[in-house]
Amino acid sequence: MTDDIRTTYLEAADAAVHLLATEQVAARWDTASVLDGMTVGGLAGHLARSVLQVEWFLDGEVGHGETVPAGRYYGRLAGTTRPDSDLNVGVRARGEETAAAGPSVVARDARDAHARLVTRLPAEPADRRVAIAHRPGEEMLLDEYLKTRCVELAVHLEDLALSADLPPRVPTPCLAVAVTTLFSAARDRHGDQAVLHALARRERDDREALRVL
17 MTDDIRTTYL
27 EAADAAVHLL
37 ATEQVAARWD
47 TASVLDGMTV
57 GGLAGHLARS
67 VLQVEWFLDG
77 EVGHGETVPA
87 GRYYGRLAGT
97 TRPDSDLNVG
107 VRARGEETAA
117 AGPSVVARDA
127 RDAHARLVTR
137 LPAEPADRRV
147 AIAHRPGEEM
157 LLDEYLKTRC
167 VELAVHLEDL
177 ALSADLPPRV
187 PTPCLAVAVT
197 TLFSAARDRH
207 GDQAVLHALA
217 RRERDDREAL
227 RVL
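Under my numbering, the very last position in the sequence shown is 229; numbers go up by exactly one each time.
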């Protein structure tokens with residue numbers, strides 16, 4: 017699984033690097049994206065962070081915090097569906113902060129980070145941990161963290177491509193990891209009975225249990 021998830025992540029990150037470098041994304045940088053409240057540049061900055069942040073976290077210090085699996089990482093998020101939640105306000109702000117450097121710099125930085133990760137990730141041990149900087153006290157095994165980045169890449173590769181009038185191209189293995197991870201998050205957040213209703217008894221799905229983000 018270690019080699020598989022790292023290969024899957026790197027493939028999806030490569031797709032993001034190529035999308036970020038397109039003329040279509042650069043030309044629409046300051047225009048509205050398909051996501052309310054985010055410019056194309058802000059969305060591109062958010063996508064780029066799924067490459068940049070892996071390297072940042074690998075360079076960070078690791079203590080002895082709680083180890084959180086990928087499903088619980090998302091299951092514990094609060095305010096995912098409210099645009100004005102602290103979570104989503106922070107996401108937009110960080111995306112715009114990254115985007116402020118401009119399309120060429122964002123594309124270059126993501127490309128360079130990806131090139132380093134191609135060498136670095138295969139060399140990391142299976143028990144490698146990273147600290148989650150924005151959630152003090154929580155840590156993840158590297159491979160579990162990469163599952164969360166596959167979720168972000170799968171979702172936002174499509175968002176950014178549609179915002180730039182390009183056909184979405186999300187690698188199939190990345191989609192599979194994203195779906196599995198978000199399904200695990202739905203179970204963690206709502207419990208199996210609610211998820212069963214969402215899958216097989218929609219008339220009883222009063223929680224929208226499959227909606228995670």
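The C-beta atom is built at its ideal place from N, Cα and C for all residues, glycine as well.
Remember, it's a predicted structure, so these values are computed and weren't measured experimentally.
Contact check, residue i vs residue j, beta carbons under 7 Å
i    : j    : result
V84  : E174 : no
V146 : L162 : no
A216 : A225 : no
C166 : V134 : no
V228 : A202 : yes
D204 : R88  : yes
V56  : S49  : yes
Sequence-distant residues of the same chain with beta carbon closer than 8 Å to residue i, five excluded per side
i    : result
R136 : E71, L74
A177 : L35, P183, P184, R185
G76  : V146, A147, A149
L103 : L93, A94, G95, T96
S101 : A94, G95
R132 : E71
D30  : H130
E82  : G153, E154, E155
Sequence-distant residues of its chain with Cβ nearer than 6 Å to residue i (five each side left out)
i    : result
A123 : L36, A37
I21  : D159, L162
Y90  : A201, V228
E219 : none
DSSP bridge partner residues for residue i (one or two, in chain order)
i    : result
T55  : A48
V146 : M156
T188 : None, per the DSSP bridge assignment.
T83  : E155
Integer-rounded CB distance, given that residue j should sit under 8 Å from residue i
i   : j    : result
G61 : T24  : No, G61 and T24 are not in contact; Cβ-Cβ is about 23 Å, not under 8 Å.
M54 : G111 : 7 Å
A28 : L169 : 4 Å
Exposure label - residue i; buried when at least 16 CB within 10 Å
i    : result
R65  : buried
P138 : exposed
H206 : buried
H172 : buried
P187 : buried
D143 : exposed
G106 : exposed
H130 : buried
G58  : buried
A116 : exposed
P119 : buried
D46  : exposed
D52  : exposed
A86  : buried
R98  : exposed
M17  : Below a pLDDT of 50, predicted positions are generally treated as unreliable, and M17, at 43, falls in that range; no measurement from the model is reported.
Contact with chain C by residue i, beta-carbon distance below 7 Å
i    : result
V121 : Chain labels in this structure do not include chain C; a single protein chain is all it has.
7 Å Cβ shell around residue i - same chain, five flanking residues per side excluded
i    : result
A126 : A32, V33, L36, A64, V67, L68
S179 : R44, S49, V50, V56, L59
V78  : R145, V146, A147, E155
R108 : G53, M54, G58
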